[in-house]
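These notes concern the structure reproduced below.
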């Protein structure tokens with residue numbers, strides 16, 4: 001429980017720093033949230049505007065992480081492992097911000113990477 005409490009506290013602090021950004025507020029700061037998992041059985045969640053992981057989850061799986069996918073709500077990370085187990089990690093909006101609506105996400109992707117990237121959003 002202590003590790004979970006520490007991770008939640010660190011996540012809240014990182015989100016506050018991300019929201020503060022360059023003084024322009026969260027609305028002016030564009031960033032992404034991504035998750036990584038691998039052969040070390042560890043899942044980590046990263047906010048691209050932060051130099052360190054938002055959270056690192058160890059001892060969740062006994063074998064390699066096979067796949068990660070964000071649920072449609074944008075706050076739940078679904079994970080599966082070679083050991084046959086699955087897990088869901090809930091990330092609260094105050095920890096990472098609110099996901100962009102699909103239309104705004106497509107517009108930003110198109111602006112940054114062209115129309116082909118927006119079509120895949």
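In the working numbering, the protein residues as written are 1 to 121. Virtual Cβ for every residue (Gly too), placed ideally from N, Cα, C.
Per DSSP, residue 109 is one residue of the alpha helix (DSSP H) stretching across 102 to 113.
With contacts defined as CB atoms closer than 8 Å, residue 103 and residue 110 fail to qualify as a contacting pair.
The criterion of a C-beta distance shorter than 8 Å is not satisfied by residue 42 and residue 31. Looking at the backbone, the Cα of residue 114 and that of residue 83 are separated by about 40 Å. In the structure shown, residue 116 falls within a helical segment according to DSSP collapsed to helix, strand and coil.
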